[in-house]
Amino acid sequence: MSQDKFKGLVIILDGLGDRPCTTLGNKTPLEHARTPVLDAIATQHQSGMMNPLLPGLPVDTHTGVSIIFGLPPRVAASLKRGPIEASGIDLDLQHGDLLFRANLATIENIDRHNFRILDRRAQRIQQGVDALCASLQDIRLPDNISASLHPATHHRCVLRLRGPGLSDKVTDTDPGGKMLHTGVLLAQPSGDADTASKRTASAINKLTHVSNEILKNHPVNLKRIENGYLPANGILTRGVGQYQNYQNILKHLHLNVTVVAGEATVLGLAKLFNFSNVTNPAFTSSTDTNIKKKLSTAVSALETSDLVFVHFKGTDTAAHDRDPQAKSDFIERFDKALGGIDISNIVLGVCADHSTDSTRGEHNGDAVPILIHNPTGRKDLTRKFNETDCSAGALVNLTAQGFITSVLDAMGSLSNFKPAEVKFYELNQ
Ligand SMILES: [Zn+2]
């Protein structure tokens, strides 16, 4: 590799940004943590603050990560979980397929036409899910639409509708946490009720009936009833999205990209964008993940890849658990492990997909601290890697798209790229 081209390693610390915590002496978990390695990199290179999508707007992991993974923000903002989950379980996908996250649930008839939900997760059914899904393959519905259900984790499945003129403008049948036991289970068009959304809602409602007929007499459910459990006799849907060939700047540049992760959503995104991915049972979605092994796996992946992303979920998990001390401890352990890898001849980016407030246990719209180590790049005056110090860094006010573009530029990957040729960048916003 010539001296003006570098390989890139981008580390995503999920939900890294935070606010001052009273239990940490009014410091953020990152400010509270001892991070000599990150601080030394910040001293030698450039740091700043990045807005995942728009200033002040909280985003989910899949939105924040997909922009860092090269998706245009406009596309990322409308990206739904259904296609990500479907990709994560290696489902065969065609342009136009409609994909839902689905639960196996317990439902009962109110009258001839309507159902109500008794248990959104059929008591979190685990045994027999594969057999139940196998009985719901290629179900023929009106308007030439076919449906099939595929197992994911426990009661969670993926529903695929395939056929002409489908629309993702339909409501969820899964009421989520807002569930009322008297709620009627019915999909409806959302927004303008055009022909495609009416047709799709009607197909989902037909499927609710057809699948209930098949599932209620399934041997798995007969056995569950015999043993005193609720039958998994219904399907609830949410997160609907239509599969498309996603515009992605990393693919446009023909970069060989690998994602190292343990979390299903991030691995699903990697597959959705046709990146290579590496996972391992030791890579968990919590603070107990094997940080050293993850980093050494990422460094090994650099041998065959131009750009490697490595994702750590522990920062976000600790913040959702409202445990700022655990978040701070995880950051310290990460920093120590980072000191064990040689970054002298690569571009290293450190970022986050969003901020997670560990006092309230939820995402917020605060900018996140970032840094870029470029062997031949500029320095700034930042001496510590945290929310306060990075606010005075050279890379302040970047968007996530600006961050990944800056990493690509540092790698020397953009020398022949003409933004006007493609619509990755909305230059007049
Ligand atoms: Zn996240």
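Just so it is clear: in the sequence shown, position 338 is 343 by my numbering, and no numbers are missing. Backbone N, C-alpha and C fix where the C-beta goes; we use that ideal spot for every residue, glycine too. On a predicted model such as this, the values are computed, not experimentally measured, just so you know.
Please report the distance separating the alpha-carbon of residue i from that of residue j.
| i | j | result |
| --- | --- | --- |
| G170 | I409 | 36 Å |
| L14 | H378 | 10 Å |
| S151 | S411 | 44 Å |
| K298 | E337 | 16 Å |
| A107 | T387 | 47 Å |
| D9 | V175 | 50 Å |
| R145 | D358 | 40 Å |
| D97 | V225 | 26 Å |
| N253 | S92 | 16 Å |
| S349 | N421 | 25 Å |
| A372 | S52 | 13 Å |
| N149 | D143 | 11 Å |
| F335 | T292 | 6 Å |
| G417 | V264 | 20 Å |
| G233 | N114 | 20 Å |
| G196 | D347 | 52 Å |
| K423 | R126 | 49 Å |
| C215 | G354 | Correcting the residue type first, residue 215 is Val in the shown sequence and not Cys. Straight-line Cα distance between these residues: approximately 50 Å. |
| A45 | S396 | 17 Å |
| T205 | Q99 | 17 Å |
| Q128 | G181 | 15 Å |
| L18 | P57 | 13 Å |
Is the CB-CB distance between residue i and residue j below 8 Å?
| i | j | result |
| --- | --- | --- |
| S290 | G267 | yes |
| K85 | D173 | yes |
| T361 | H325 | yes |
| L235 | D124 | yes |
| D102 | R167 | yes |
| S363 | K384 | no |
| L272 | N282 | yes |
| L137 | A237 | yes |
| S140 | H223 | yes |
| G319 | T294 | yes |
| R327 | G370 | no |
| L413 | I375 | no |
| Y251 | V70 | no |
| L220 | D179 | no |
| F105 | L164 | yes |
| G20 | D321 | yes |
| I72 | C356 | no |
| A303 | V352 | no |
| L29 | Q330 | yes |
| F390 | A157 | no |
| I307 | K12 | It should be noted that the sequence gives Leu, not Ile, for residue 307. In this structure, K12 lies closer than 8 Å to L307 by Cβ. |
| P2 | K32 | Outside the shown range of the chain (6 to 434) lies residue 2, about which nothing can therefore be said. |
| G239 | T213 | yes |
| M55 | T404 | yes |
| L76 | F120 | no |
| P147 | K203 | no |
Please classify residue i as buried or exposed, where buried requires at least 16 other C-beta atoms within 10 Å of its C-beta.
| i | result |
| --- | --- |
| P88 | buried |
| A38 | buried |
| D23 | buried |
| Q406 | buried |
| K228 | exposed |
| N433 | Interpretation of N433 is limited by its pLDDT of 41, a score under 50 that renders its predicted location unreliable; the figure taken from the coordinates is listed afterwards. Exposed, by the Cβ-count rule. |
| H160 | buried |
| D116 | exposed |
| H257 | exposed |
| I230 | exposed |
| E218 | exposed |
| H259 | exposed |
| M6 | With a pLDDT of only 48 at M6, under the threshold of 50, the placement of this residue in the model should not be trusted; the figure read from the coordinates follows. The residue is exposed, with fewer than 16 neighbouring Cβ atoms inside 10 Å. |
| S83 | exposed |
| T381 | exposed |
| H2 | This structure gives no information on residue 2, because the portion of the chain shown stretches from 6 to 434. |
| G4 | No answer is possible for residue 4: it lies beyond the span of the chain, which begins at 6 and ends at 434. |
| T200 | exposed |
For chain C, check one thing: does any of its Cβ atoms lie closer than 8 Å to the Cβ of residue i?
| i | result |
| --- | --- |
| G344 | The displayed structure is made up of one protein chain only, and chain C is not part of it. |
Taking 8 Å as the cut-off, does the segment 333–343 touch the segment 306–315 (at least 3 CB pairs, one atom from each stretch)?
no
Counting pairs of beta carbons, one from the segment 123–140 and one from the segment 62–82, are three or more of them closer than 8 Å?
no
Which parts of the segment 209–239 are runs of the alpha helix (DSSP H), unbroken and 4 residues or longer, counting only runs that do not cross its ends?
224–231
Where in the segment 140–180 do unbroken runs of the alpha helix (DSSP H), each at least 4 residues long, occur, reported from the N-terminal end onward?
none
Taking only runs that begin and end inside the segment 362–396, name each unbroken alpha helix (DSSP H) of 4 or more residues, in chain order.
392–395
What ranges does the beta strand (DSSP E) occupy inside the segment 76–133, keeping only unbroken runs of at least 3 residues that lie completely in it?
103–114, 120–124
Going residue by residue through the segment 253–281, where are the continuous beta strand (DSSP E) segments of at least 3 residues, counting only ones entirely within it?
262–265
What runs of the beta strand (DSSP E), each 3 residues or longer, lie entirely inside the segment 50–74?
51–56
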